[in-house]
RNA sequence: GGUCGCGUGGCCGAGUGGUUAGGCAAAGGUCUGCAAAACCUUCUACGGUGGUUCGAACCCACUCGCGACCUCCA
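Numbering (our numbering), first residue to last: 118 to 612.
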């Protein structure tokens with residue numbers, strides 16, 4: 118539809134035509150959140166960027182199975198010898214069961230995603246629910262001679278793997294360079310090589326999250342869940358693997374190597390990476406302590422925030438930049454995003470109120486019609502060029518000028534003809550709502566509106582304008598609202 | 001240190017060898033009982049130096065500044 122989609126593939130470092138392995142089916146995997154804390158702006162960016170990609174692929178007619186995992190086990194907090202995973206750590210602080218922490222933050226994540234109008238993925242598997250699959254994959258890797266056990270833990274043998282494959286081909290690393298630069302970390306004496314990474318970790322006695330395995334009680338390594346889960350639901354290879362650019366190395370590199378080692382096949386055909394949100398020139402990240410959670414943003418409760426910003430403001434803010442560029446966070450930028458978002462939404466409202474012109478046949482403004490048609494097409498061209506939402510939004514603002522001109526009577530719909538008008542209407546509405554995923558955030562409450570009417574009602578009554586009094590009462594009655602004059606004033610109730 | 005990326009007007013941010021990106025903010029105008037919105041106009045920038053070219057913000061070299069990954073990270 119509307120030209121051909123080109124996407125930037127991190128694996129090949131260039132834009133390529135998007136050719137799914139089994140069209141019209143598309144398999145897409147995204148590294149989801151680790152649920153040991155509230156989601157922050159970075160989580161939102163990734164989710165919004167890939168949500169938009171998901172929406173656009175569906176719009177193009179693809180049948181997309183979108184898998185986004187929930188990481189609820191096993192990531193080491195710091196050094197391997199501590200053997201404490203993040204979730205267990207947090208659980209102790211809060212005196213909660215680990216799975217209670219997982220549930221709480223999973224719920225919180227889902228709430229945030231709903232507010233951001235991020236569509237739920239097709240499948241949202243948890244790591245803890247796929248321990249057997251992970252163990253099986255580890256066994257395959259061992260069988261292939263690319264993993265080894267040491268004292269109840271299992272490691273991936275990077276050197277052996279690199280003999281037949283290229284460890285580092287995704288992130289552009291060279292094993293020799295990596296080796297030349299490895300820092301000695303404590304607790305790595307079990308490894309044959311500093312580059313080797315854990316597939317399975319033996320649980321220390323105090324470790325809360327643990328599962329039985331052929332190597333004793335333990336928990337899966339950091340990377341194995343994604344390899345096991347993605348291939349389970351999407352096959353191998355599948356079409357698209359996504360995630361934040363900070364996951365590129367080592368996480369995605371390891372995922373790729375594990376899958377390759379276990380099944381002698383590529384993990385994914387296309388790798389997409391969204392860039393980061395920066396603040397004061399620096400990456401916003403949990404470990405840097407400069408992350409703003411979504412809750413803080415929506416409530417305006419953070420020292421860096423001048424005010425609260427709504428979910429749709431954030432969504433627009435994110436999508437006004439290309440997904441592979443960094444975005445600078447600032448109050449000024451958020452404020453600008455809010456105003457831009459409102460302008461776009463008001464255009465949608467205007468559009469629904471405009472009458473569809475009948476074709477008069479004569480008097481069409483060919484130039485104007487051509488211009489609108491051109492802008493409509495360019496919305497598709499922008500999205501087809503590696504999901505360039507920034508450029509697409511610019512086109513929508515161009516269309517918006519015409520839409521507002523139509524409303525003001527500065528431009529007559531008859532000059533456009535019904536075909537162009539319908540094209541304008543459909544394109545604008547489709548891109549704003551279905552693809553950008555923007556929706557109205559109306560804060561107007563019905564009771565507040567009724568109160569205003571009650572004021573006018575009372576005033577009219579005092580002035581003995583009974584026609585108006587009766588009219589207000591009758592019209593509210595039609596809406597199921599009855600007015601009642603009492604000695605205490607005017608009340609209303611549902612009827 | 002290794003690898004990679006970025007530096008665009010007051011702010012955010014596309015783009016890329018010759019054509020207005022767009023939004024926000026600001027100024028002027030049209031409209032208007034007031035206000036707002038909308039529309040029109042203005043502000044025409046690409047870190048620095050040198051080179052290639054008829055022509056570079058876009059290519060090349062050097063240089064300055066910033067950042068990301070290499071450890072958990074969206």
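Note that the Cβ used here is the ideal one computed from N, Cα and C, for glycine as well.
As the structure is a computational prediction, the values presented were derived from the model and not from experiment.
For residue i and residue j, what's the separation of their Cα atoms in angstroms?
{"i": "residue 115", "j": "residue 401", "result": "It is not possible to answer for residue 115, since the shown part of the chain is limited to 118 through 612."}
{"i": "residue 460", "j": "residue 503", "result": "25 angstroms"}
{"i": "residue 540", "j": "residue 553", "result": "18 angstroms"}
{"i": "residue 557", "j": "residue 538", "result": "23 angstroms"}
{"i": "residue 176", "j": "residue 169", "result": "10 angstroms"}
{"i": "residue 130", "j": "residue 470", "result": "46 angstroms"}
{"i": "residue 530", "j": "residue 549", "result": "21 angstroms"}
{"i": "residue 534", "j": "residue 481", "result": "7 angstroms"}
{"i": "residue 276", "j": "residue 310", "result": "8 angstroms"}
{"i": "residue 329", "j": "residue 511", "result": "55 angstroms"}
{"i": "residue 513", "j": "residue 280", "result": "51 angstroms"}
{"i": "residue 186", "j": "residue 342", "result": "9 angstroms"}
{"i": "residue 285", "j": "residue 522", "result": "54 angstroms"}
{"i": "residue 417", "j": "residue 485", "result": "43 angstroms"}
{"i": "residue 563", "j": "residue 247", "result": "47 angstroms"}
{"i": "residue 395", "j": "residue 363", "result": "13 angstroms"}
{"i": "residue 399", "j": "residue 155", "result": "20 angstroms"}
{"i": "residue 215", "j": "residue 319", "result": "18 angstroms"}
{"i": "residue 501", "j": "residue 121", "result": "6 angstroms"}
{"i": "residue 282", "j": "residue 389", "result": "21 angstroms"}
{"i": "residue 405", "j": "residue 231", "result": "27 angstroms"}
{"i": "residue 454", "j": "residue 419", "result": "19 angstroms"}
{"i": "residue 164", "j": "residue 595", "result": "44 angstroms"}
{"i": "residue 221", "j": "residue 369", "result": "27 angstroms"}
{"i": "residue 166", "j": "residue 179", "result": "18 angstroms"}
{"i": "residue 262", "j": "residue 371", "result": "16 angstroms"}
Which term fits residue i, buried or exposed, when burial requires 16 or more other beta carbons within 10 angstroms of its beta carbon?
{"i": "residue 313", "result": "buried"}
{"i": "residue 128", "result": "buried"}
{"i": "residue 613", "result": "The shown model of the chain, from 118 to 612, leaves out residue 613, and the question about it has no answer."}
{"i": "residue 81", "result": "Look at the range of the chain in this structure, 118 to 612, and you will see that residue 81 is not part of it."}
{"i": "residue 566", "result": "exposed"}
{"i": "residue 582", "result": "exposed"}
{"i": "residue 525", "result": "exposed"}
{"i": "residue 161", "result": "buried"}
{"i": "residue 268", "result": "exposed"}
What residues in its chain sit with their C-beta under 6 angstroms from that of residue i, if we drop five residues either side in the sequence?
{"i": "residue 438", "result": "444 and 507"}
{"i": "residue 245", "result": "189 and 190"}
{"i": "residue 585", "result": "577"}
{"i": "residue 113", "result": "In the structure as shown, the chain begins at 118 and stops at 612. Residue 113 is therefore absent and cannot be evaluated."}
Between which residues of its own chain and residue i is the CB-CB distance below 7 angstroms, once the five residues before and five after are set aside?
{"i": "residue 171", "result": "145, 181, 183 and 236"}
{"i": "residue 505", "result": "439 and 499"}
{"i": "residue 600", "result": "574, 590, 593, 607 and 609"}
{"i": "residue 133", "result": "123, 124 and 126"}
Among the residues of its own chain, which have a CB less than 8 angstroms from the CB of residue i, if the five just before and after it don't count?
{"i": "residue 355", "result": "138, 144, 145, 146, 347, 348, 384, 385 and 386"}
{"i": "residue 264", "result": "255, 258, 271, 272, 273, 274, 316 and 378"}
Since residue i contacts residue j with CB under 8 angstroms, what's their CB separation in whole angstroms?
{"i": "residue 159", "j": "residue 359", "result": "That belief does not hold up - the Cβ atoms of residue 159 and residue 359 are roughly 14 angstroms apart, past 8 angstroms."}
{"i": "residue 431", "j": "residue 422", "result": "At roughly 12 angstroms, the Cβ-Cβ gap does not stay under 8 angstroms, so residue 431 and residue 422 are not in contact."}
{"i": "residue 140", "j": "residue 226", "result": "No, residue 140 and residue 226 are not in contact; Cβ-Cβ is about 32 angstroms, not under 8 angstroms."}
{"i": "residue 545", "j": "residue 597", "result": "Incorrect: roughly 34 angstroms between the Cβ atoms, too far for contact."}
{"i": "residue 345", "j": "residue 250", "result": "4 angstroms"}
Would you say the region 584 to 595 touches the region 556 to 576, given that touching needs at least three Cβ pairs under 8 angstroms? Contact between the region 584 to 595 and the region 556 to 576 is present, because at least three Cβ pairs lie under 8 angstroms.
So does the region 467 to 474 actually touch the region 444 to 451, counting three or more Cβ pairs closer than 8 angstroms? no
Three or more C-beta pairs closer than 8 angstroms, one from the region 419 to 433 and one from the region 373 to 386: is that the case here? no
Do the region 313 to 325 and the region 343 to 358 touch if we need at least three Cβ pairs shorter than 8 angstroms? no
Between the region 453 to 468 and the region 250 to 258, do three or more beta carbon pairs fall short of 8 angstroms? no
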